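Residue numbers (the working numbering), protein chains in the order written: chain A, 858 to 1120; chain B, 442 to 872; chain C, 211 to 432. Each residue gets a CB set at the ideal place from its N, CA and C atoms; glycine is no exception. Values in this document were obtained by computation on a predicted structure and should not be read as measured data. Everything below concerns the one structure shown next.
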Amino acid sequence: MVTVIHPNLEDTDAKMSARGVSVYYGDKKAIDDVSIDIPTKYVTAFIGPSGCGKSTFLRTLNRMNDTIPSARVEGEVTLDGEDIYRSKMDVVQLRARVGMVFQKPNPFPKSIYDNVAYGPKIHGLATGKTELDEVVEKSLRRAGLWNEVKDRLEDSGTALSGGQQQRLCIARAIAVDPEVILMDEPCSALDPIATAKIEELIDELNGHYAIVIVTHSMQQAARVSQRTAFFHLGKVVEYGRTSDIFTTPLEERTKDYITGRYG
Amino acid sequence: MTELSASPPAADGPSTPARRAPTRTPEFEARLKKRYAAERRFKLAGLSAILFSVGVLAFLLITMTINGIGGFQRAEMNVPIDFTEAGLIADPVAMAQPGAAQTLEAQGLPAIVEFFAEEQLGAAAADEISDTAWRLVADEIMADPAILNGTVTLSLPASPNLAAGLAGEGSDEMKALAARLVADGKLETKFDAGFLQRADATDPQQVGIWGALKGSMLTMFVTLILAFPIGVMAALYLEEYAPKNRWTDLIEVSVNNLAAVPSIIFGLLGLAVFLWLFPNMRSAPLIGGMTLALMTMPVIVISGRNAIKAVPPSIRDGALAIGASQVQVVFHHVLPLALPGILTGTIIGMARALGETAPLLMIGMRAFVATPPDGFTSPATVLPVQIFLWSDEIDRGFVERTSAAIIVLLIFLLLMNGLAIYLRNRFEKKW
Amino acid sequence: MVEHTVKAFDEDITRLRGLIAEMGGLAEMAIQDAMEALIKGDQELADGVVKRDKKIDVLESEVDKLSVRIIALRAPMADDLREVIAALKIAGVVERIGDYSKNIAKRVGKIEARNHFEPLTLLPAMADIAAEMVHDVLTAYAARDPVLAREVIATDNKVDAFYNSIFRNVVSYMVENPATISSAAQILFVARNLERIGDHATNVAEMVHFAATGNYPPDEDR
């Protein structure tokens, strides 16, 4: 089944693209022949019912599926034209270029400073206290967390509230200066105010990084993204501008899902 | 706003009498009482178990302490010695040299001591002074040669027979002698600080635990530096790197079984392999440590694996997603979080190793070692073996010494555990 | 059509449609009653039309409130959203249709000597078409039928044609019978009202098309 692609998609650079990607867990096929582009300067949302494969597909973009022994990926996934699975691209380097924020905030049990400084340190992007201090401040400012924590950088990252922890994780991801940020349901564990702050942050980051967000909330997808892909049973059913998908979806399944007629 | 929800379904009607909820019937309340009674019984059972365990532990400690207190004391006689009459020559420079005791011996120090003992205490008592008492006098002289200028009352250890007499055992002759000396103020039981500084001896009055203590320390050190890194590395590899296939399953089963192997078999292994490799080092802490390390390693591997498994995958994912390599994930994130659990396993393993006797007996650490070990390769013995050997001795004086040695072992164990618990608490991190 | 998982949402939409249908029915009846009153000179019927117009106003206000509530509480998307927005606008338009009918009814007492008043006979046909347009367009709304909506839009030409014809007719009648000018003028006003009703029905049809497809009907239909 071919993905229905909306018209009115002006040509944008594709930062990452997938062609014919299928993902298997053992014998079970979780992603079926997905071909999609992730534009450079937009926020792309993946929506779809539970178990439709959106998180699985997200994880193929930074090879996090490699950590699951039974997972197998077929097809081509490219970053700036280079295949991330077949070519010589180093997976550690890939993950520095394609960062990820998880559903449940997972700051390291270290200080706030060390959380943010960890990435630059291990990749050698900043050495010496001054450089690291700069990187930490810049990342925390960008994540909208600096004013709240600048006086307590030595406090443990796990002592923050849920929303602050998630922003810390975003700051941590930003600190290595990635090109793409993947977000797997970043707000599902947060209250509405924290959620709104994260969404505002996504708006601010938009344009600096290619952002892909998987979300269960259609309202959230509608609010933060410019492109939306609707996943269903491992396939991408429809892809297009967010405003088009939510006002005039072309596929019956998409319409049923977004109007709450699904199931 | 208009109310849009459908009106609630009509009640069953006035024909049904008002019905109490199922949780408010008398039958329910009776069942509830039974449940609470079961709770109380369970709590009581638990409390009894704890009290019983604590009681047994208290009994052990109190018994040991009561029996062992006497082991830290010994019977000593006060002998005033007038050095001005003795005519000994001892200049400070010579006294500082090794072999100074021999020069004093050559000058006749033993005879001088015996002479004064006879003069002050009587012939019978003088016989009952320890043969090696002169060494103590020599030590005093070496420490402070100035005493040769005057009279000093020195406290010299009594012989085992006299000590027994003082304790109310042995021949009547000895008992009488002891009673007389005590009445004269010449014989008393004093705190024996030297117990912790001397090595093994045949004379229970002269015996000390330091030799065995030092041997235990050296052996434990060897055990730790071998078992801990190897155990932790093995645990890390098995959990983080090894593919999940039949070979790793086999290894896991083997390690689990190894932890349950009787310790004497490790002694056989030590005998066969280590002593074959290093035949000159029979009863050396190095060999003993290696043997015990073999025994302790599986315990560390098992507890290490469990501690590593307990680290949440979200931490690993977070580290991987930022571009950390596998090694960095392990050493920067997994190991620090797993360290408390690993240390707990290490405490358990080391405590077991400290108290092991059988394997060390097999590799020969049962010899009578009169001097404390100099290093890892000199002959030594360990605390449990020492306790075992002393308990075998016929001389009555060894009974209290054995209990005292047990107390030393317990204190050593406590200190070791205390250190490990302190380290564990320091590394404890909340995630 | 598959139902919403949350049944209350379906109930809300159904109620909204019901209100629109009720408004439409009342408006349609108002057109026909007003016309009948006009032809027969039935002042009582005319008064009834005026009074019932209040009901239409009340219904419009209810539609407003319900639409806002649905948007706030249900976050409708895609065609649900378009339907709610269309309902809001359609209610406003139908209310104006009702007002036009009321206006027609008010003129009943102002026409004299109706039995001989020839131009009067032209109006019922025009009113029938207008009423039918209103009926059809509300059917199209309920069925989310863009095809029927476009047909309604096409029918407006007939209403316009009628209006032009009546206009010419009445004007020439006025020229010939200057004494009847004030009554004839009323006829003109009534015809104008009916033509406006036709235009409004066309508006509704456009909104129905938008709700159903997301686009307004192509230009040539308008």
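Bridge-paired residues (DSSP) for residue i
| i | result |
| --- | --- |
| B:A713 | B:A713 is not bridged to any residue. |
| A:S874 | A:D894 and A:T935 |
| B:F669 | Beta-bridge pairing links B:F669 to no other residue. |
| A:Y1066 | A:N1063 |
| A:I904 | A:F1087 |
| A:K886 | A:Y881 |
| C:I314 | DSSP, once it has assigned bridges, lists no residue as partnering C:I314. |
| B:F887 | There is no way to answer for residue 887 of chain B, as the model of chain B reaches only from 442 to 872. |
| B:I522 | B:V593 |
| A:I1038 | A:G956 and A:I1068 |
| A:S968 | A:S1013 |
| A:G1097 | A:T1085 |
| A:K1092 | A:H1089 |
| B:V823 | BP columns for B:V823 are empty, so no partner. |
Proximity test, Cβ basis, 8 Å: residue i and chain C
| i | result |
| --- | --- |
| A:T869 | no |
| A:I1115 | yes |
| A:Y942 | no |
Residue i at chain B interface by Cβ criterion, 8 Å
| i | result |
| --- | --- |
| A:K995 | no |
| A:M921 | yes |
| A:V949 | yes |
| A:T860 | no |
| A:K872 | no |
Residue i burial status per 10 Å Cβ neighbour count (16 or more: buried)
| i | result |
| --- | --- |
| A:T1085 | buried |
| B:W717 | exposed |
| B:Q647 | buried |
| C:E238 | buried |
| B:E480 | exposed |
| C:Y310 | buried |
| A:V900 | buried |
| B:A447 | Confidence at B:A447 is low in this model, with a pLDDT of 47, below 50, so the placement of that residue should be treated as unreliable; the coordinate-derived value is given next. Burial call: exposed. |
| B:W688 | exposed |
| B:A702 | Contrary to the premise, residue 702 of chain B reads as Val rather than Ala in this sequence. Flag for B:V702 reads exposed. |
| C:S375 | exposed |
| B:S695 | exposed |
| A:S927 | exposed |
| B:A584 | exposed |
| B:A873 | Past the edges of chain B, shown from 442 to 872, lies residue 873 of chain B, and the structure says nothing about it. |
Any C-beta of chain A under 8 Å from that of residue i
| i | result |
| --- | --- |
| B:A393 | Here chain B has residues from 442 to 872 only, and residue 393 of chain B is not among them. |
| C:D346 | no |
| C:V216 | yes |
| B:G656 | no |
| C:D193 | Residue 193 of chain C lies beyond the range of chain C shown here (211 to 432); nothing can be said about it. |
| B:L864 | no |
| B:L677 | no |
| B:E444 | Caution is warranted here: a pLDDT of 47 is assigned to B:E444, below 50, making its placement in the model unreliable, and the coordinate value is therefore given only provisionally. No, B:E444 lies away from the interface with chain A (no Cβ there is under 8 Å from its Cβ). |
| C:F259 | Note on residue identity: the sequence assigns Val, not Phe, to residue 259 of chain C. Chain A contact via Cβ: absent. |
| C:E246 | no |
| C:V278 | no |
| C:F399 | no |
Worksheet entry | chain C contacts from the segment 1071–1085 of chain A (Cβ-Cβ distance under 9 Å) | M1075, Q1076 and A1079
Worksheet item: Listed from N- to C-terminal order along the chain, which residues in the segment 895–907 of chain A have their beta-carbon within a distance smaller than 9 Å of any beta-carbon of chain C?
Response: none
Worksheet item: When Cβ atoms are compared, which residues of the segment 952–982 of chain A fall closer than 7 Å to chain B?
Response: R952, A953, G956, M957, F959, K961, N963, F965, P966, Y975, G976, I979 and H980
Fill in: Interface positions of the segment 1025–1058 of chain A facing chain B (Cβ-Cβ less than 8 Å), listed along the chain
C1026, R1029, A1030 and V1033
Item to complete: Specify whether the segment 847–862 of chain B and the segment 748–759 of chain B touch according to this definition: at least 3 beta carbon pairs, one from each stretch, less than 8 Å apart.
Response: no
Fill in: Residues of the segment 1097–1112 of chain A whose Cβ lies closer than 7 Å to any Cβ of chain C, in chain order
F1103, T1104, T1105, P1106 and K1112
Practice prompt. For the segment 468–484 of chain B and the segment 240–247 of chain C, state whether three or more C-beta atom pairs, one from each stretch, are separated by less than 8 Å.
Written response: no
Item to complete: Would you list, in chain order, the members of the segment 408–426 of chain C that have their beta-carbon closer than 9 Å to a beta-carbon of chain A?
Response: T423, G424 and N425
Worksheet item: Given 8 Å as the limit, is there contact between the segment 383–394 of chain C and the segment 353–360 of chain C, that is, 3 or more CB pairs closer than that?
Response: no
Worksheet entry | Near-chain A residues of the segment 743–755 of chain B (beta-carbon distance less than 9 Å), N- to C-terminal order | P753, P754 and S755
Discussion item. Residues of the segment 777–811 of chain B in Cβ contact with chain A at a cutoff of 7 Å, in chain order, please.
Written reply: L778
Worksheet entry | Contact residues within the segment 280–296 of chain C, judged by C-beta distance below 9 Å to chain A | R284, A285, P286, M287, A288, D289, D290, L291 and R292
Item to complete: Could you say if the segment 513–522 of chain B and the segment 589–609 of chain B meet the contact criterion of at least three C-beta pairs nearer than 8 Å?
Response: yes
Practice prompt. Give the residues from the segment 921–940 of chain A that approach chain B closer than 8 Å (Cβ to any Cβ), ordered along the chain.
Written response: M921, T924 and P926
Worksheet item: Counting Cβ pairs, one atom from each stretch, are 3 or more of them under 8 Å apart for the segment 768–779 of chain B and the segment 1023–1038 of chain A?
Response: no
Practice prompt. Please name the residues in the segment 757–771 of chain B whose beta-carbon is closer than 8 Å to at least one beta-carbon of chain A, in chain order.
Written response: R757, D758, G759, A760, L761, A762, I763, G764, A765, S766 and Q769
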